[in-house]
Amino acid sequence: MQHNGGDLENMTAKLLEKHITDTIREWQVKIGYEGGTMKLYYPAESLRRSLSLDETEDLDAALAAFCKEVQPRLGTLAISAVKDRYCMEIPEEGCSYIERKIPVPELLQNLLQVITTPGNTMEQVRNCFSSYAEKMHTTVEENASEEHEMGHVFSFSDPSVDEYCYCVEENEFGLTYHRFSREDYEAL
-1 MQHNGGDLEN MTAKLLEKHI TDTIREWQVK IGYEGGTMKL YYPAESLRRS
49 LSLDETEDLD AALAAFCKEV QPRLGTLAIS AVKDRYCMEI PEEGCSYIER
99 KIPVPELLQN LLQVITTPGN TMEQVRNCFS SYAEKMHTTV EENASEEHEM
149 GHVFSFSDPS VDEYCYCVEE NEFGLTYHRF SREDYEAL
């Protein structure tokens, strides 16, 4: 595959940009945002999947092209790597852009309300996903993830409704969750 600015490159750049903006927006809602930069860490294989690269293609060159593509919106990203782990630092201007321009998804807002309410259980989480699925005219899939020890995994039959897998755990401290792209979850 050539990375010469064609439609496929722009489409794959959009996938990584969406993951970055979704993740930062999620953090802003979860922990608040008062300015500053944010750092995201990615395994090289996750970045390769997000950019539709195979093992023979130059990840660093693809990331340089990606940074150029998103610079008008996210500012100048700082990327560093240690072995196969990449750090993407999104500058304050990019984080501020995300806070101003990216709406908080309804599902995320509802899920965080359920997760952070003391005493809630997996049943309320299940109801949150089911209610949203019904509203969006799709179905929710729930699986117990015993092999990865990720608790209950929720996703939607129609990925255009929400493309993530939500791994929710319940223990003596309450409810916690982790969100993965479907591709990254399947690669676990």
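Residue numbers (this note's numbering): -1 to 186. Note that the Cβ used here is the ideal one computed from N, Cα and C, for glycine as well. Everything numeric in this text was worked out from a predicted model, so none of it was measured.
In chain order, what residues of the same chain lie with their CB nearer than 8 Å to the CB of THR74, ignoring the 5 residues before and after it?
CYS65 and PRO89
Contact between the stretch 171 to 178 and the stretch 111 to 130: three or more CB pairs below 8 Å?
yes
Rounding to the nearest angstrom, what Cα-Cα distance links LYS28 and LEU57 in this structure?
Here the alpha carbon of LYS28 sits roughly 31 Å from the alpha carbon of LEU57.
Hey, is the stretch 134 to 143 in contact with the stretch 41 to 57, meaning 3+ C-beta pairs nearer than 8 Å?
no
In whole angstroms, what is the alpha-carbon distance linking LEU14 and GLU168?
30 Å
Please identify the residue among CYS126, CYS163 and SER129 whose C-alpha is closest to the C-alpha of SER143.
The shortest C-alpha separation from SER143 is found at CYS163.
Confirm, please, whether the CB-CB distance from LEU49 to THR21 is below 8 Å.
no
Return the chain-ordered ranges of every alpha helix (DSSP H) run that is complete within the stretch 85 to 141 and spans a minimum of 4 residues.
Correct list: 90 to 99, 104 to 114 and 120 to 133.
If you drop the 5 nearest sequence neighbours on each side, which residues of the same chain put their C-beta closer than 6 Å to that of GLY4?
Confidence at GLY4 is low in this model, with a pLDDT of 42, below 50, so its placement is unreliable and no value can be given for it.
What three-state label does DSSP hand PRO157 in the structure shown?
coil
Would you mind sorting ASP82 into buried or exposed? The rule is 16 or more other CB atoms within 10 Å of its CB.
exposed
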